[in-house]
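When the count follows this note's numbering, it moves up by one through the sequence shown with no breaks and lands on 184 for the last residue. Okay, so here's the structure we're looking at.
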Amino acid sequence: MKHSKGDRKRILVVEDEPAISQVCQRTLTAEGFDVDIAVNGAIAQDMLDKKEYDLCLIDIRTPIMNGKELYQHIEEEHPEFTGKVVFTTGDVLDEKLESLLKGVKRPYLPKPFTPDELKAIVKEVLEG
């Protein structure tokens, strides 16, 4: 899955927990990806409007603009990118959350996750 510098894929990680964003950045950078971090959905929205990404890993519960609101922005402004979104959540999969995930038909990675689980889902989405 490693990428040479010439074809490095760019990933946006939307995560407000520093420990998790650091693990994501270290793991994905070691795999050859360029990784940007946004600590909330509003910052991520601005970054998505200015830069092209190959994949976006979005924590459902981020401050200012949550993952659902960010995904709605992506649907409206960047519909070609909706297939490149992976959600993360540390929440118990309740009815409301399950409904959201089924509605958007995007994969999710439950927290805590291992670096290997992160690499596997990124590979699956990028190759899908």
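Glycine is no exception: its CB is placed at the ideal position from the N, C-alpha and C atoms.
Should Ile114 and Leu104 be called a contact, given that it needs their Cβ atoms to be closer than 7 Å? no
Compute the distance between the beta-carbons of Ile120 and Ala98, then report whether it is under 7 Å. yes
Just the C-alpha distance for Val191 and Asp92, rounded to the nearest angstrom, thanks. Because residue 191 is not part of the residues shown, which for the chain are 57 to 184, the question remains open.
For Arg162, I'd like the list of residues in its chain whose CB is within less than 7 Å of its CB, leaving aside the five on either flank, ordered along the chain. Val141, Val142 and Phe143
Cβ neighbours of Pro168 in the same chain (closer than 7 Å, five flanking residues each side left out): none
Phe137 (DSSP reduced to helix, strand or coil): helix
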